[in-house]
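To keep things clear, I will list the structure first and then write my remarks on it.
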Amino acid sequence: MQPSVFVVEDDAETRGYFAEVLRADRQGYIVETAGTLRESLIVLHRLRPDILLVDLGLPDGDGLDLIRTTRRVSPETLILVITVFGDESTVIGAIESGAQGYLLKSEAPAELCKSVRQVLSGGAPISPGIACHLLRRFREAERPGPGPHLTRREKEVLDLMVKGLPLQEAADLLGVTRNTVAGHVKNIYSKLEVKSRGEAVYEALSQGLVRIELKS
């Protein structure tokens, strides 16, 4: 069955563009759209989409509220944030609310379909600008102590998670099975005390468990 994508964006032109790009993709997505929080809640209860693409700035509410409601109403729905808000508190709020990925609108046109495929495959795409911004902030903060002990292989898997690779791509790159990688991911979740890839990426950056090359 074709994956369903629900686009929630207040700007009609941007909403239409995202829908057009997704419908033209070779995956043949079933796409529905909404422009307000009220409308999106009605569609959400009916559609139960595979992926929710949500802008955080809605005219009648907060996109974070929609993310939290989605986690309750349709827990299997994967959530990808696409917004202009790139400040630390907003990013952290989205991740803690249950978002699997986070893209800035300025980077979305070229990355939209790729990021949707990554999320569907178990990845956690985050805009490079967001990752670098968070990493700079975390490097400036004091570390309370050493992070959890991860094995060498778990660190390799975590590094690939931060880069947004799906399970199968990570398995191919490491020369192991998908189930083996899934087992490492489960152990990483347990050691980092998280429940999603988005949270794992956040903790990896905040605790300095992975290295990202910062561009000037």
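The sequence shown begins at 196 in this note's numbering and counts up by one.
Where is the CB? At the ideal position from N, CA and C, for every residue including glycine.
Asked: CA nearest to the CA of G403, picked from L345, T264, V268; Found: L345
Asked: Residue from P198, S235, L239 whose Cα sits closest to the Cα of G223; Found: P198
Asked: For L239, the first and last residue of its enclosing alpha helix (DSSP H); Found: 232-242
Asked: Start-end ranges of the alpha helix (DSSP H) lying completely within the segment 241-313, minimum 4 residues; Found: 258-268, 283-292
Asked: Helix, strand or coil at E208 [DSSP, three-state]; Found: helix
Asked: Burial state of A399, where buried means 16 or more other Cβ atoms lie within 10 Å; Found: buried
Asked: 8 Å CB neighbourhood of E351 in its chain, flanking five on each side removed; Found: L369
Asked: The segment 231-249 touching the segment 202-216, judged by at least three CB pairs closer than 8 Å; Found: yes
Asked: Buried or exposed by the 16-neighbour rule on C-beta atoms within 10 Å, applied to P270; Found: exposed
Asked: Whether Y297 touches V286 by CB criterion (7 Å); Found: yes
Asked: Beta-carbon contacts of P254 that lie in its chain and below 7 Å, excluding the five residues immediately before and after; Found: D205, T231
Asked: Buried or exposed by the 16-neighbour rule on C-beta atoms within 10 Å, applied to K358; Found: buried
Asked: For A229 and V216, believed in contact at Cβ under 8 Å, the rounded distance; Found: With a Cβ gap of about 17 Å, V216 and A229 do not count as contacting.
Asked: Backbone CA spacing between L360 and G317 [nearest angstrom]; Found: 8 Å
Asked: Identity of the residues DSSP links to S199 by a beta bridge; Found: I225
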